[in-house]
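Numbering follows this note's numbering, in which position 122 of the sequence shown is assigned residue number 128; successive positions increment by one, without gaps. Every residue gets a Cβ at the ideal spot worked out from N, C-alpha and C, and that includes glycine.
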Amino acid sequence: MHDVIAALFGVQGWILYRFEVKRERVDLYVGRPRKEAVCPQCGERTRQVHQRSRRWRQVLHSWHEDRPVYLRIRPRRFRCQACGKVFTERYPDLGRWSRRTGHADRRLLRVLAERSFGSAARWAQVGVGVLRRALLQRVTGYVDIRAAVADLPKIVLGIDEHSFRGQDMMVTVTCV
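Okay, structure coming up:
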């Protein structure tokens, strides 16, 4: 049963301890099957668990039937037997202090491609700033305008439309 639920929510490779389906959200209590970790300082493998967190870390993973699906994780802290350093285990597709998995970010960007920022934020129940940061993390390159137009003899800008929103004027530039 847990294997079917893990496949449904895309958490294969994790141990699913339990799940809770609530009216407004779905919580999946998961952990990693590996019993060892690699020390970030010296690179040695260690199996000695120093401590297990008491709190369940909450990470947005996906959406199911317009409800957010959260992974609830209890990070383990390991002690390296070679150098003595205590470190927290790392999770795949999840940054150090990230509140969303890479899977959630990719899903947010697919929704953002079809909708406006406001509409996508309302659907995903996140702020517009979350969408903006997710988009800026995935955009790798940008066009340097000065280098692109350096060898052109003349620059022509065409303004397609403009509108006023309160006291602010919005201008859309369409052709260069």
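- Around the beta carbon of residue 110, 16 or more other beta carbons sit within 10 angstroms, so the residue counts as buried.
- Following the DSSP letters along the chain, one finds residue 26 inside the beta strand (DSSP E) bounded by residues 21 to 27.
- One alpha carbon belongs to residue 46, the other to residue 103, and they sit about 16 Å apart.
- Between the C-alpha atoms of residue 129 and residue 36 there is a straight-line separation of about 25 Å.
- In the DSSP assignment, residue 145 falls outside any alpha helix (DSSP H) and carries neither an H nor an E.
- Burial of residue 68 is indicated by the presence of at least 16 other C-beta atoms within 10 angstroms of its C-beta.
- With contacts defined by Cβ atoms closer than 8 Å, residue 78 and residue 114 do not form a contacting pair.
- Just measuring C-alpha positions, the residue of 154, 158 and 117 sitting nearest residue 138 is 117.
- Per DSSP, residue 61 lies in no beta strand (DSSP E) and is assigned neither H nor E.
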